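Q: In my numbering, the protein residues as written are 11 to 379. All C-beta atoms, glycine included, are put in the ideal place defined by N, C-alpha and C. Given the structure is predicted, the values throughout are model-derived calculations rather than measurements.
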Ligand code: SF4
Ligand code: SF4
Ligand code: FES
């Protein structure tokens, strides 16, 4: 990465076009803001640049070698070219090298994955130079018994997005680049299973992985159903707010045939949680279709058992019971507990009910908001 000192806004030239840039920005950051496409694989806007994949090489006037746009900082009057025969030739050969070291489908493209295979998308758009495949399988964990995350070393391009995410965003460093040369792979300390490490099973490494080398185990049966087609073509996506705690992370629910089959985070920068989710938001969605889930109001009868009833009757029974307790023992004998799984408005109404209707300050909620 080139060293750049100073502050301020200035102009640079990309493909003959004058554009505004700020000191400290990289070529890719300026280009993306200006709608100029530079392919990337190891780049994630949340992470420090690594310059690992060489997909984003651009020509910088005055530089003999092409430079990685994701790591090259702009300076005033810099002149950059993002499309040229030299760059195109570089991409065609580079994608060929990746394909030679990757599992391919019957069309000779990197296999589809439950999440977008960014390498496949790039190869589809390029006249890739076909090279002899590398026969040796990569070293890697395929026996990890953790319930959520599967690693397939043969699909890994060693871009280190997962390890940098785990280190820089999650601050856990459960996974790392291990071994050397052709044996290099993603691993944990001592090749332990993720459950025996500091891993929080946040799944952020899955979201950032550009090739499907890291995937959700729960989503794997779906890719088999989809074989030969665009993965997850039949799923509908709905943006919603996670209701596990009061943070309010945004999440995308992927629904197929009325069944929730996967949860992902919106893209980094799109929402306040910046592409991140925790283990609960990402993986704990089985309750949605669970047979024990309460789907109608229930009132306990004289027989001590819960019986289905109408909302009107359930509310009448509840209010009569609460008023009776207040009458017999005073308002402070009552306590109201709300939930961080409710909205802010619902929690506000709950404390109103407690304070204004029943006259007690005994109101609490697990997020204490
Ligand atoms: S699930 Fe989260 S904590 Fe675990 S390895 Fe992946 S990024 Fe790191
Ligand atoms: S597992 Fe995915 S994110 Fe991690 S290094 Fe390999 S390709 Fe990159
Ligand atoms: S995206 Fe720039 S080197 Fe990988």
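Quick check on residue 94 - is its C-beta less than 8 Å from some C-beta in chain B?
A: Given the protein chain composition of this structure (a single chain), no chain B is represented.
Q: How do the segment 80-88 and the segment 98-115 stand: do at least 3 beta-carbon pairs fall below 8 Å, yes or no?
A: Touching, no, given that fewer than three Cβ pairs across the two stretches are closer than 8 Å.
Q: Starting from residue 261, follow its DSSP beta bridges and name the residues at the other end.
A: Bridge partners of residue 261: 250.
Q: Contact between the segment 321-328 and the segment 300-313: three or more CB pairs below 8 Å?
A: The segment 321-328 is in contact with the segment 300-313.
Q: What residue does the beta strand (DSSP E) around residue 5 start on, and which one ends it?
A: Here the chain has residues from 11 to 379 only, and residue 5 is not among them.
Q: Exposed or buried, which one is residue 291 when buried takes at least 16 other CB atoms within 10 Å?
A: Result: buried.
Q: Tell whether a beta-carbon distance below 8 Å holds between residue 247 and residue 264.
A: Result yes, Cβ atoms of residue 247 and residue 264 sit closer than 8 Å.
Q: Skipping 5 residues on each side, what residues in its chain have a beta carbon closer than 6 Å to that of residue 174?
A: Excluding sequence neighbours, residue 174 sits near 57.
Q: I'd like to confirm something about residue 325: is its beta-carbon nearer than 7 Å to some heavy atom of ligand 1, or not?
A: No, the Cβ of residue 325 stays beyond 7 Å of every heavy atom of ligand 1.
Q: Indicate the three-state DSSP secondary structure (helix, strand or coil) for residue 211 in the structure shown.
A: Looking at residue 211 - three-state DSSP - the assignment turns out to be coil, as it is neither helix nor strand.
Q: Under 8 Å: do the segment 152-170 and the segment 56-71 share three or more Cβ pairs, one atom per stretch?
A: Cβ pair count under 8 Å is three or more, so yes.
Q: Going by other Cβ atoms of all chains shown within 10 Å of its Cβ, with 16 needed for buried, is residue 21 buried or exposed?
A: Classification for residue 21: exposed.
Q: In the DSSP assignment, the alpha helix (DSSP H) including residue 42 goes from what residue to what residue?
A: That run of the alpha helix (DSSP H) goes 37-43.
Q: When you measure from the CB of residue 171 to every non-hydrogen atom of ligand 2, does any distance come out below 7 Å?
A: True, at least one ligand heavy atom lies under 7 Å from that Cβ.
Q: Pick out whichever of 276, 316, 272 and 74 has its Cα sitting closest to the Cα of residue 296.
A: Per the Cα distances, 272.
Q: Helix, strand or coil, according to DSSP, for residue 202 in the structure here?
A: Three-state DSSP puts residue 202 in coil, outside helix and strand.
Q: Which residues mark the beginning and the end of the beta strand (DSSP E) in which residue 375 is found?
A: Per DSSP, residue 375 belongs to the beta strand (DSSP E) from 373-375.
Q: With three or more beta-carbon pairs closer than 8 Å as the criterion, would you say the segment 124-142 touches the segment 213-228?
A: Flag = yes, the segment 124-142 and the segment 213-228 touch.
Q: What does a CB cutoff of less than 6 Å around residue 197 pick up in its chain, not counting 5 residues either side in sequence?
A: Within the same chain, residue 197 has close Cβ partners 188.
Q: With DSSP as the reference, please indicate the residues paired to residue 196 in a beta bridge.
A: 187, per the DSSP bridge assignment.
Q: Once DSSP output is grouped into helix, strand and coil, what is the label at residue 19?
A: It is a strand residue.
Q: Going residue by residue through the segment 313-374, where are the continuous alpha helix (DSSP H) segments of at least 4 residues, counting only ones entirely within it?
A: Segments of the alpha helix (DSSP H) lying fully in the segment 313-374: 321-339 and 354-362.
Q: Based on the DSSP secondary-structure assignment, which residues constitute the bridge partners of residue 226?
A: Answer by DSSP bridge pairing, in chain order: 159.
Q: Taking Cβ positions, are residue 212 and residue 287 nearer each other than 8 Å?
A: Yes; because the gap between Cβ atoms is below 8 Å, this pair is in contact.
Q: Taking buried to mean at least 16 other C-beta atoms within 10 Å of its own C-beta, is residue 53 buried or exposed?
A: Buried, because 16 or more other Cβ atoms sit within 10 Å of the Cβ of residue 53.
Q: If we count Cβ pairs, one from each stretch, closer than 8 Å, do we get three or more for the segment 134-145 versus the segment 28-45?
A: Not touching, per the Cβ criterion.
Q: Nearest CA to the CA of residue 76: which residue from 107, 83, 330 and 96?
A: The shortest Cα separation from residue 76 among 107, 83, 330 and 96 belongs to 96.
Q: Does the beta carbon of residue 205 fall short of 7 Å from some heavy atom of ligand 1?
A: Because no heavy atom of ligand 1 lies under 7 Å away, the Cβ of residue 205 does not count as near it: no.
Q: Mind reading off the beta-carbon distance from residue 333 to residue 370? Whole number of angstroms is fine, and I expect it under 8 Å.
A: Not confirmed; about 13 Å, so no contact.
Q: Note down the Cα distance separating residue 230 from residue 341, rounded to an integer number of angstroms.
A: One C-alpha to the other measures close to 54 Å.
Q: What number of angstroms, rounded off, separates the C-alpha of residue 360 from the C-alpha of residue 195?
A: Going from the Cα of residue 360 to the Cα of residue 195 covers about 52 Å.
Q: For the beta strand (DSSP E) containing residue 282, name the first residue and the last one.
A: That residue, residue 282, is in no beta strand (DSSP E); it is neither H nor E in DSSP.
Q: Is the beta carbon of residue 245 sitting closer than 8 Å to the one on residue 261?
A: No, they are not a contact pair.
Q: Could you give the C-beta distance for residue 37 and residue 84, rounded to a whole number, given that I count them as a contact under 8 Å?
A: Yes, residue 37 and residue 84 are in contact; Cβ-Cβ is about 6 Å, under 8 Å.
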